[in-house]
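Trainee: Protein chains in written order, with this note's numbering: chain W, 46 to 200; chain S, 46 to 200.
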DNA sequence: TCTTGAACCTCTAGTCGCTTCAGCTTGTAT
DNA sequence: ATACAAGCTGAAGCGACTAGAGGTTCAAGA
């Protein structure tokens, strides 16, 4: 009975990976950067994870999917470990991140427009079209709005 | 007269940086990865750039601002150097990139909604709010749409 | 019990597009 | 002549993994 419980709950890294959708290598990486605490090991030095690890990794995965940095997640995990701490910080992190996402969207949208404009001028015919795309890239002055560049949207 | 022309046209790296808005270190990096051809040097081994370098770097900068990868830019530069080549490839690169941008926007928008939802549930009061943000992260099942994750939007 | 082979282990290096640093040398203005 | 800004090289660091080499362990079938 308790044997079966152990069988269900103490899993090798591959099973943890499958259960959470996080790659094996990434799990080991998370352990290395101290997001995930080191699990028990078998006599042969292989990792065996319990239910708490599964939960913690699911938390991490979800937060990463939402685009939180590993550093932010470290803080969020600390907060989640100490429920007596006020959650101001968690709120601040989320709001800051939301802000960042919105800025990124805005920049990408202006990028999109610019690219649409450029791509539309040349339909890619084989003939010598004196490529409008290349001209547009060479001549910045054609650009609709060109203060500062939008490249930060990629970082 | 021709002396003055030289003074205007043959510039050190710092001036090129200023003129194009590309940092000095980045210019050297572009030379290293063979986006920008190596310029002439003074007797004391310092780089001196001409008008063609300025133009080429402006092209690169513009393309980077639009989010093209260094690799794509290499191809675009090759095309721009050989105007007799058909511009199909340039068109393909632009369209592929535009597609990528649109996907990124879509993913970020769903991220935005999710984050709004999560952040709204907790206003960050100091009192023991049993933080809804942290709960939401821990419990993936609350998530509105959770196939696949949206993290790729960050790459 | 033995053998296979998938799964695991560690460690290192590579990815992208820069940025930063250390420790020099050169150019220019006074 | 001197000071000091600007330039030089080469290597390492960033974030968040990913990939590979080269070895070990585990579990299942014969």
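Glycine residues also receive a C-beta, built at the ideal position from the N, C-alpha and C atoms.
None of these values were measured; they are calculated from a predicted model.
Whole angstroms are fine: how far does the CA of residue 127/S sit from the CA of residue 173/W?
Mentor: As a working mapping, residue 173/W is identified with position 128 in the first chain. As a working mapping, residue 127/S is identified with position 82 in the second chain. Reliability fails at residue 173/W, whose pLDDT of 46 lies under 50, so the model's placement of it is uncertain and the value that follows must be treated cautiously. Between residue 173/W and residue 127/S, the C-alpha separation is close to 11 Å.
Trainee: Would residue 68/S count as contacting chain W if we go by Cβ distances under 8 Å?
Mentor: Looking up residue 68/S in the second chain gives position 23. Closer than 8 Å: no.
Trainee: Restricting to Cα atoms, I'd like to know which of 111/W, 118/W, 131/W, 182/W is closest to residue 78/W.
Mentor: Taking the first residue of the first chain as position 1, residue 78/W is located at position 33. Among 111/W, 118/W, 131/W, 182/W, the Cα nearest to that of residue 78/W belongs to 118/W.
Trainee: Thinking C-alpha only, which one of 56/W, 61/W, 80/W is nearest residue 125/W?
Mentor: Along the first chain, one-based indexing puts residue 125/W at 80. That would be 80/W, whose Cα lies nearest to the Cα of residue 125/W.
Trainee: Just to confirm my understanding: we take residue 105/S, look at its own chain, exclude 5 residues before and 5 after, and list those with CB closer than 8 Å. What are they?
Mentor: Taking the second chain and counting its residues from 1, the one referred to as residue 105/S is at position 60. The answer, listed in chain order, is 67, 75, 80, 81, 118, 122.
Trainee: I'd like the span of the alpha helix (DSSP H) that includes residue 94/W, first residue to last.
Mentor: What you label residue 94/W is simply residue 49 of the first chain in a count that begins at 1. Counting along the chain, residue 94/W falls outside any alpha helix (DSSP H), and DSSP gives it neither H nor E.
Trainee: Determine the DSSP secondary structure at residue 79/W, reduced to helix, strand or coil.
Mentor: Position 34 of the first chain, counted from the start, is the residue given in the question as residue 79/W. If DSSP states are grouped into helix, strand and coil, residue 79/W belongs with coil.
Trainee: Pull up the distance between the alpha-carbon of residue 110/W and that of residue 64/W, whole angstroms please.
Mentor: By 1-based counting over the first chain, the position of residue 110/W is 65. By 1-based counting over the first chain, the position of residue 64/W is 19. About 16 Å.
Trainee: Mark residue 112/W as exposed unless 16 or more other C-beta atoms lie within 10 angstroms of its C-beta, in which case mark it buried.
Mentor: Indexing the first chain from 1 puts residue 112/W at position 67. That one is buried.
Trainee: Using 8 Å as the Cβ pair cut-off and three pairs as the minimum, do the stretch 151-167 of chain W and the stretch 126-140 of chain S touch?
Mentor: Judged by Cβ distances under 8 Å, the stretch 151-167 of chain W makes contact with the stretch 126-140 of chain S, as three or more pairs qualify.
Trainee: May I ask you to list, following chain order, the residues of the stretch 105-119 of chain W that have a beta carbon less than 7 Å from some beta carbon of chain S?
Mentor: Residues passing the 7 Å Cβ filter: 107, 108, 109, 110, 111, 112.
Trainee: With burial defined as no fewer than 16 other Cβ atoms inside 10 Å of the residue's Cβ, what is the status of residue 83/S: buried or exposed?
Mentor: Counted from its first residue, the second chain places residue 83/S at position 38. It counts as exposed.
Trainee: Classify residue 146/S as helix, strand or coil using the three-state DSSP reduction.
Mentor: Walking along the second chain from the start, residue 146/S turns up at place 101. Correct three-state label for residue 146/S: helix.
Trainee: Could you check if residue 177/S is buried or exposed, using at least 16 other CB atoms within 10 Å of its CB as the buried criterion?
Mentor: What you label residue 177/S is simply residue 132 of the second chain in a count that begins at 1. By the neighbour-count rule (16 or more Cβ atoms within 10 Å), residue 177/S is buried.
Trainee: With 16 other CB atoms within 10 Å as the buried threshold, where does residue 148/S fall?
Mentor: The sequence position of residue 148/S within the second chain is 103, counting from 1. With fewer than 16 Cβ atoms within 10 Å of its Cβ, residue 148/S is classed as exposed.
Trainee: Please classify residue 85/W: does DSSP put it in a helix, a strand, or coil?
Mentor: Locating residue 85/W in the first chain gives position 40, where the first residue counts as 1. The answer is strand: DSSP assigns residue 85/W an E or B state.
Trainee: Considering only DSSP beta bridges, list what residue 56/S is partnered with.
Mentor: Locating residue 56/S in the second chain gives position 11, counting from the first residue. For residue 56/S, which the question treats as bridged, DSSP gives the partners 94/S.
Trainee: Identify the continuous alpha helix (DSSP H) that holds residue 126/S and give its terminal residues.
Mentor: The residue you call residue 126/S lines up with position 81 of the second chain. Unbroken alpha helix (DSSP H) run through residue 126/S: 115-126.
Trainee: Since residue 155/S meets chain W, which of its residues come closer than 7 Å, beta carbon to beta carbon?
Mentor: Indexing the second chain from 1 puts residue 155/S at position 110. Within 7 Å Cβ-Cβ: nothing; residue 155/S doesn't reach chain W, min ~10 Å.
Trainee: Residue 192/W by DSSP, collapsed to three states: which one?
Mentor: Walking along the first chain from the start, residue 192/W turns up at place 147. Any reading at residue 192/W needs caution, since the residue's pLDDT is 45, under 50, leaving its predicted position unreliable; the model's value is listed next. Looking at residue 192/W - three-state DSSP - the assignment turns out to be coil, as it is neither helix nor strand.
Trainee: To the nearest angstrom, report how far apart residue 179/W and residue 141/S are at their CA atoms.
Mentor: Working through the first chain from its first residue, we reach residue 179/W at position 134. Working through the second chain from its first residue, we reach residue 141/S at position 96. The alpha-carbon atoms of residue 179/W and residue 141/S are separated by roughly 15 Å.
Trainee: In the structure shown, what three-state DSSP assignment does residue 106/S receive?
Mentor: On the second chain, residue 106/S is found 61 positions in, with the first residue counted as 1. If DSSP states are grouped into helix, strand and coil, residue 106/S belongs with the helices.
Trainee: For the stretch 131-149 of chain W, which residues have a CB atom closer than 9 Å to at least one CB atom of chain S, in sequence order?
Mentor: Cβ contacts with chain S: 131, 132, 133, 134, 135, 136, 137, 138, 139, 140, 142, 143, 146, 147, 149.
Trainee: Among 57/S, 183/S, 146/S, whose alpha-carbon lies nearest the alpha-carbon of residue 90/S?
Mentor: Counted from its first residue, the second chain places residue 90/S at position 45. It is 57/S whose Cα lies nearest to the Cα of residue 90/S.
Trainee: Please determine, among 183/W, 143/W, 54/W, the residue with the shortest C-alpha to C-alpha distance to residue 94/W.
Mentor: Along the first chain, read from residue 1 onward, the residue named residue 94/W stands at position 49. Of 183/W, 143/W, 54/W, the residue nearest in Cα terms is 54/W.
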